[in-house]
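Heads up, the thing below is written out as structure tokens.
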Amino acid sequence: MLKTALQIHKWVGLVVAIQVLFWVIGGLVMTVLPISWVRGENHTPSSVTARPMAVNEVKSLAELALGPGELRGAELRATPRGAVWLVKTKSALRVFDAASGHPLPRLTPDEATAAAKSAYVGRGEPGRAQFLQSPPQEAASTTPLYAVTFDDAVGTTLYLDPDTGEAVKRRSNLWRFYDLFWRLHIMDWPSGENFNHPLIIAAAALTLFVTVTGVILLWLRLARDLRNLDNRRRRAKA
């Protein structure tokens, strides 16, 4: 009975040990790598100076080329393209130059490259901007973006809003390495976002079960071995 229990425990423990190894390695990676490097903050300018505008220079919402009843919300924001109105309409988010009131066209690849360069600090030089109709998962966006990759040591990639020129995501090979072990750590391989799913809960519960039963089985085996040793000593004295 004890022998069978030990065999079952050994094989279940082997399966659990693989995930425990991922947890340990993932924890090591996450503690060794500075999170600011992973996020690309070491390649982010400390501040971006926007051209100051007087209140009377800003066009009011009433002066924008909007249809009746189209406006759903608006935000005045300083961007690499200057001050803009971000206007939410019934059908889309539109961008207007706050000084002229005219709709802003999408950035050209050269303008996107220049915007990326102004949002980056480091020795890397930018490649040509690529317009992505369907950005990759790492960009965490369902809308089109520009991608500009720098030739630095970690292959920094900036994902830019094609209308405002703002860097919405910063990614690098270091981030991708970290993300791989993060996904292994939380056992959410497709998205890397959910650490409360049934699989990781079951794995944690199984790990606890294997640990507790391992201690119990070890105690039973030691008790059996001690009894056998005591019996052999008694027979030797007889």
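For the sequence shown, the working numbering assigns the number 1258 to the initial residue and increments by one for each residue that follows. Don't be surprised by glycine CBs; every beta carbon is placed ideally from N, CA and C. For clarity, every value in this text was computed on a predicted model and none was experimentally measured.
With burial defined as no fewer than 16 other Cβ atoms inside 10 Å of the residue's Cβ, what is the status of residue i: buried or exposed?
| i | result |
| --- | --- |
| Asp1367 | exposed |
| Pro1392 | buried |
| Gly1422 | buried |
| Thr1413 | buried |
| Ser1357 | exposed |
| Ala1355 | buried |
| Met1340 | Note that residue 1340 is Ala in the sequence shown here, rather than Met. Classification for Ala1340: buried. |
| Thr1336 | buried |
| Ile1443 | buried |
| Asp1482 | exposed |
| Ser1429 | buried |
Return yes when the Cβ of residue j is within less than 8 Å of the Cβ of residue i, no when it is not.
| i | j | result |
| --- | --- | --- |
| Phe1388 | Tyr1403 | yes |
| Leu1431 | Trp1294 | yes |
| Asp1409 | Arg1433 | no |
| Gly1270 | Arg1427 | no |
| Ala1424 | Ala1373 | yes |
| Leu1318 | Tyr1435 | no |
| Leu1364 | Val1344 | no |
| Val1315 | Leu1333 | yes |
| Val1405 | Ala1386 | yes |
| Leu1463 | Gly1283 | no |
Mind checking which residues open and close the beta strand (DSSP E) that includes residue i?
| i | result |
| --- | --- |
| Val1319 | Here residue 1319 turns out to be Ala, not Val, going by the sequence shown. Taken as a continuous stretch (DSSP letters only), Ala1319 belongs to no beta strand (DSSP E), as it is neither H nor E. |
| Arg1334 | 1328-1336 |
| Val1411 | Element bounds for Val1411: n/a, residue is neither H nor E. |
In this structure, what does DSSP give as the bridge partners for residue i?
| i | result |
| --- | --- |
| Lys1345 | Gly1330, Leu1350 |
| Lys1426 | Tyr1416 |
| Leu1402 | Leu1389 |
| Pro1360 | Phe1353 |
| Ala1340 | Ala1335 |
| Pro1383 | Phe1407 |
State the start and end residues of the unbroken alpha helix (DSSP H) segment that holds residue i.
| i | result |
| --- | --- |
| Ala1373 | 1366-1375 |
| Ser1391 | Taken as a continuous stretch (DSSP letters only), Ser1391 belongs to no alpha helix (DSSP H), as it is neither H nor E. |
| Trp1294 | 1292-1295 |
Would you tell me roughly how many angstroms separate the C-alpha atoms of residue i and residue j, rounded to the nearest one?
| i | j | result |
| --- | --- | --- |
| Asp1420 | Ser1398 | 14 Å |
| His1359 | Leu1321 | 7 Å |
| Leu1486 | Thr1261 | 22 Å |
| Gly1330 | Pro1383 | 35 Å |
| Leu1278 | Ile1265 | 20 Å |
| Tyr1416 | Pro1362 | 18 Å |
| Val1467 | Glu1450 | 27 Å |
| Asn1453 | Lys1267 | 27 Å |
| Glu1395 | Ala1460 | 26 Å |
| Lys1494 | Arg1484 | 16 Å |
| Ile1458 | Asn1488 | 45 Å |
| Trp1439 | Trp1446 | 9 Å |
| Val1472 | His1300 | 49 Å |
| Ala1371 | Leu1437 | 31 Å |
| Trp1280 | Val1286 | 10 Å |
| Val1498 | Pro1455 | With the chain running from 1258 to 1495 in the structure shown, residue 1498 is simply not present. |
| Phe1407 | Ile1292 | 20 Å |
| Leu1350 | Thr1400 | 11 Å |
| Ile1275 | Arg1490 | 42 Å |
Say whether chain B places a C-beta atom closer than 8 Å to the C-beta of residue i.
| i | result |
| --- | --- |
| Gly1339 | Included in the structure is just one protein chain, with no chain B present. |
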